[in-house]
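What follows is a set of notes on a single structure, which appears directly below.
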Amino acid sequence: MAMHAPEFFAQLDLPFADSAVVGDTYYATPVPGGPLRLRIDFSPTQWANEYAGLRLATLHQDRGQLDVTVLRFADHRTFDHRDSTRGLQPHNSGYGTFKEFKDRPDWVPWEGAHTNGLRDAIEQYSAVWFPGTWPAPALSRAAGRTARPVPSPAAQRSAARAR
Numbered sequence: 027m028a029m030h031a032p033e034f035f036a037q038l039d040l041p042f043a044d045s046a047v048v049g050d051t052y053y054a055t056p057v058p059g060g061p062l063r064l065r066i067d068f069s070p071t072q073w074a075n076e077y078a079g080l081r082l083a084t085l086h087q088d089r090g091q092l093d094v095t096v097l098r099f100a101d102h103r104t105f106d107h108r109d110s111t112r113g114l115q116p117h118n119s120g121y122g123t124f125k126e127f128k129d130r131p132d133w134v135p136w137e138g139a140h141t142n143g144l145r146d147a148i149e150q151y152s153a154v155w156f157p158g159t160w161p162a163p164a165l166s167r168a169a170g171r172t173a174r175p176v177p178s179p180a181a182q183r184s185a186a187r188a189r
């Protein structure tokens with residue numbers, strides 16, 4: 027497989043124990059024994075073998091697809107570093123996307139991807155459809171801080187008055 031999908035989904039480090047990658051698609055049963063399934067695959071562009079994000083779908087085992095959403099790589103800053111080093115701007119072809127070359131099985135098309143933004147978005151999506159399946163995040167030091175009022179500068183009188 028030229029896409030290296032199992033490695034991509036492993037990099038996302040999703041917490042679902044009952045999951046598998048079949049071809050280029052990730053499947054999970056976030057609630058063991060439940061009727062809902064999560065499917066994540068790559069969202070194609072209008073060009074062959076080019077992908078612009080991930081498509082998440084919630085499936086019911088009897089009713090079929092209940093919901094689908096697309097997480098664009100550009101929106102989640104997945105390839106910002108790669109694109110900035112190449113000089114690509116949001117209006118350029120290839121910005122925030124990757125291409126799959128089936129004749130180059132050793133090349134990893136998504137290499138250098140920063141997946142934290144995608145993972146956070148998948149966590150938010152999962153919280154809606156599969157509440158309680160994502161482990162609670164550890165509290166950070168910044169979480170305990172409170173806002174304090176900042177004193178405003180003292181008002182100064184103007185020497186000139188407008189009449």
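Its first residue numbered 27, the sequence shown is counted upward by one per residue in our numbering. Even glycine gets a Cβ: it sits at the ideal position worked out from N, Cα and C.
1) Taking the Cβ atom as the reference point for each residue, do residue 155 and residue 93 lie within a distance shorter than 8 Å?
2) Given residue 79, which residues of its chain have a CB within under 6 Å of its CB, disregarding the five upstream and five downstream residues?
3) Does DSSP classify residue 108 as helix, strand or coil?
4) Pull up the DSSP beta-bridge partners for residue 45, would you.
5) Is it buried or exposed, residue 46, if we count other Cβ atoms within 10 angstroms and call 16 or more buried?
6) Go through its chain and collect everything with a Cβ distance to residue 161's Cβ below 7 Å, but skip five positions before and after it.
7) Considering Cα atoms alone, identify which of 63, 106, 52 and 108 is closest to residue 87.
8) Is residue 147 near the ligand ATP - that is, is its Cβ less than 7 Å away from at least one heavy atom of it?
On the basis of the supplied data:
1) With respect to residue 93, residue 155 sits close: the two C-beta atoms are nearer than 8 Å.
2) Within its own chain, the residues whose Cβ lies closer than 6 Å to the Cβ of residue 79, once the five positions on either side in sequence are excluded, are 69, 96, 97, 98 and 99, listed in chain order.
3) Secondary structure of residue 108 (DSSP, three-state): helix.
4) Residue 45 is bridged by DSSP to 54.
5) Flag for residue 46 reads exposed.
6) Excluding positions up to five away in sequence, the list reads 41.
7) Measuring C-alpha to C-alpha distances from residue 87 to each of 63, 106, 52 and 108 identifies 63 as the nearest.
8) For the structure depicted, the ligand ATP is absent and the ligand set is empty, with no information on it obtainable.
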